[in-house]
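The block underneath contains the structure these notes are about, expressed in structure tokens.
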Amino acid sequence: MEPVLIVLIVLVVVAFIALIRTIQVIPQASAAIVERFGRYTRTLNAGLNIVVPFIDTIRNRIDLREQVVPFPPQPVITQDNLVVNIDTVIYYQVTDARAATYEVASFIQAIEQLTVTTLRNIIGSMDLESTLTSREVINAGLRGVLDEATGKWGIRVNRVELKAIEPPTSIQDSMEKQMRAERDKRAAVLTAEGQRQAAILRAEGEKQAAVLSAEGEAQAAVLKADGEAAAIRTVFEAIHDGDADQKLLAYQYLQTLPQLAQGDANKLWIIPSEVGDALKGIGGAFGGMGGQGGGQGAGSSVGPNLTKQPVADGNGSRSVGPANGPRPVDTDQTGSARPRVTPPREYPQIDPE
Numbered sequence: 009m010e011p012v013l014i015v016l017i018v019l020v021v022v023a024f025i026a027l028i029r030t031i032q033v034i035p036q037a038s039a040a041i042v043e044r045f046g047r048y049t050r051t052l053n054a055g056l057n058i059v060v061p062f063i064d065t066i067r068n069r070i071d072l073r074e075q076v077v078p079f080p081p082q083p084v085i086t087q088d089n090l091v092v093n094i095d096t097v098i099y100y101q102v103t104d105a106r107a108a109t110y111e112v113a114s115f116i117q118a119i120e121q122l123t124v125t126t127l128r129n130i131i132g133s134m135d136l137e138s139t140l141t142s143r144e145v146i147n148a149g150l151r152g153v154l155d156e157a158t159g160k161w162g163i164r165v166n167r168v169e170l171k172a173i174e175p176p177t178s179i180q181d182s183m184e185k186q187m188r189a190e191r192d193k194r195a196a197v198l199t200a201e202g203q204r205q206a207a208i209l210r211a212e213g214e215k216q217a218a219v220l221s222a223e224g225e226a227q228a229a230v231l232k233a234d235g236e237a238a239a240i241r242t243v244f245e246a247i248h249d250g251d252a253d254q255k256l257l258a259y260q261y262l263q264t265l266p267q268l269a270q271g272d273a274n275k276l277w278i279i280p281s282e283v284g285d286a287l288k289g290i291g292g293a294f295g296g297m298g299g300q301g302g303g304q305g306a307g308s309s310v311g312p313n314l315t316k317q318p319v320a321d322g323n324g325s326r327s328v329g330p331a332n333g334p335r336p337v338d339t340d341q342t343g344s345a346r347p348r349v350t351p352p353r354e355y356p357q358i359d360p361e
């Protein structure tokens, strides 16, 4: 019984193994390559699949999802003979499991090497500045070459990205200095523009202020002149309405004359010629009063008022001081005051012989 039991156990185990190898479950977005006696037979898709045990074998299981593969930095020489290290990232997807298995030994390694060689060709025709600023151009060039080369491998390259571009340390220092100089230049230009605009605005403000001040002064002068003109006109009309005679005007003249002597620095007075006529009118007025009340009284009333006043002469005006007294006057028969004329003194003539 024991050998029979052993055989039965062996047969059960073999049947179980055969069953397991017969039923193949392929996950979603995956594929399996089936070979029969070492030759490609078919491709198993997602789901439950039946194969012949011990005859059909599973060669390779391939993930059909999009894959992301980063490649290590690769030294690349630019057109201006500068070595830069470039990191690339490839986004690919297997579209044909059979081609990816039999057309290339290792499609990952093949994609990496193809990426490096294509990248060197593209970067070799560009200088450093173009390399740093033309990522989209480089990505498009890499994708076009890789997509065309990997099509027969059953692989589609969806995207190619440059992860990093690292120039040499000395070049980085030079670039930083250049960028700092550019920023300083822009800052200086902006500062100068701001100062220029501030100066322009300040000048415009001063100009407007000067114009407004001048207009205000002009309007003030006009209003002041109008006020003075109105005052003069009012005084003139009042004088004409009051029918002032020459005596009143002469008296006003005499009231105005002391104002000329105001101030401690006044040593010379300029008297208009009309003052003489005013004085004559005053003298005549007081002379008439003296003719009625006595000639000596007239002389005493006029004298004290004229000792400190400027007196006009026949030339129009002359300067007099407080020490100069009034010219003596006489009254005629009508009682009018007139200047006293002193007869010239006669001297004896001496014969020279």
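In our numbering, the protein residues as written are 9 to 361. Even for Gly, the Cβ is constructed at its ideal location relative to N, Cα and C. It should be emphasised that the depicted structure is a prediction, and the values quoted were computed from it without experimental measurement.
Residue environment, residue i, which counts as buried when at least 16 other CB atoms sit within 10 Å
{"i": "A108", "result": "buried"}
{"i": "V21", "result": "exposed"}
{"i": "G303", "result": "For G303, the predicted structure reports a pLDDT of 41, less than 50, and the residue's modelled location is therefore unreliable. The matter cannot be settled from this model."}
{"i": "V42", "result": "buried"}
{"i": "L231", "result": "exposed"}
{"i": "F115", "result": "buried"}
{"i": "A105", "result": "buried"}
{"i": "T199", "result": "exposed"}
{"i": "A26", "result": "exposed"}
{"i": "L150", "result": "buried"}
{"i": "V197", "result": "exposed"}
{"i": "L13", "result": "exposed"}
{"i": "L209", "result": "exposed"}
{"i": "I17", "result": "exposed"}
{"i": "A154", "result": "What sits at residue 154 in the sequence shown is Leu, not Ala. Result: buried."}
{"i": "V102", "result": "buried"}
{"i": "T378", "result": "Here the chain comprises residues numbered 9 to 361, so residue 378 is not present and cannot be evaluated."}
{"i": "T315", "result": "Low confidence applies here, because T315 scores a pLDDT of 38, under 50, leaving its location unreliable and the question unanswered by this model."}
{"i": "L52", "result": "buried"}
{"i": "T372", "result": "Missing from the structure shown is residue 372; the chain here goes from 9 to 361 and no further."}
{"i": "Q139", "result": "Before going further, note that residue 139 is Thr rather than Gln in the sequence given. Flag for T139 reads buried."}
{"i": "T141", "result": "exposed"}
Where the beta strand (DSSP E) containing residue i begins and where it ends
{"i": "F79", "result": "Q75 to I85"}
{"i": "N89", "result": "No beta strand (DSSP E) holds N89; DSSP gives it neither H nor E."}
{"i": "L55", "result": "The sequence as given places Gly at residue 55; Leu does not occur at that position. Per DSSP, G55 belongs to the beta strand (DSSP E) from G55 to I58."}
{"i": "L72", "result": "No beta strand (DSSP E) holds L72; DSSP gives it neither H nor E."}
{"i": "I63", "result": "Neither: I63 is in no beta strand (DSSP E) and is coded neither H nor E."}
{"i": "E43", "result": "S38 to R44"}
Whole-Å CB distance - residue i paired with residue j, under 8 angstroms assumed
{"i": "I98", "j": "V77", "result": "5 angstroms"}
{"i": "L90", "j": "I179", "result": "6 angstroms"}
{"i": "E174", "j": "N147", "result": "Between N147 and E174 the Cβ distance is about 17 angstroms, and since that is not below 8 angstroms, they are no contact."}
{"i": "T126", "j": "F79", "result": "Wrong, their Cβ atoms sit about 12 angstroms apart, outside the cutoff."}
{"i": "T86", "j": "I131", "result": "6 angstroms"}
{"i": "I136", "j": "V92", "result": "Looking at the sequence shown, residue 136 is not Ile but Leu. Going by Cβ atoms, the distance from L136 to V92 rounds to 7 angstroms, so yes, they are a contact pair."}
{"i": "R44", "j": "I63", "result": "6 angstroms"}
{"i": "Y100", "j": "Y48", "result": "That pair is no contact at about 23 angstroms."}
{"i": "T96", "j": "K193", "result": "The Cβ separation is near 35 angstroms, so there is no contact."}
N- and C-terminal bounds of the alpha helix (DSSP H) containing residue i
{"i": "L19", "result": "E10 to T30"}
{"i": "D155", "result": "R143 to T158"}
{"i": "T126", "result": "F115 to G132"}
{"i": "T103", "result": "It is not in any alpha helix (DSSP H) - T103 carries neither H nor E in the DSSP assignment."}
Minimum Cβ-Cβ distance from residue i to chain C less than 8 angstroms
{"i": "N89", "result": "The structure shown has no chain C; it contains just one protein chain."}
Residue i CB to nearest heavy atom of the ligand COA below 7 angstroms
{"i": "L52", "result": "In the structure on display, the ligand COA does not appear, and there are no ligands present to speak of."}
Q.
Is it the case that the segment 52–71 contacts the segment 22–34, given that we only count it when at least three CB pairs across the two stretches are under 8 angstroms?
A. They touch, by the three-pair rule.
Q | Continuous beta strand (DSSP E) assignments of at least 3 residues falling wholly in the segment 162–209 | A | You should have 163–174.
Q) So does the segment 115–123 actually touch the segment 157–169, counting three or more Cβ pairs closer than 8 angstroms? A) Judged by Cβ distances under 8 angstroms, the segment 115–123 makes contact with the segment 157–169, as three or more pairs qualify.
(Q) Taking 8 angstroms as the cut-off, does the segment 9–16 touch the segment 37–52 (at least 3 CB pairs, one atom from each stretch)? (A) Between the segment 37–52 and the segment 9–16, the count of Cβ pairs shorter than 8 angstroms is below three; the stretches do not touch.
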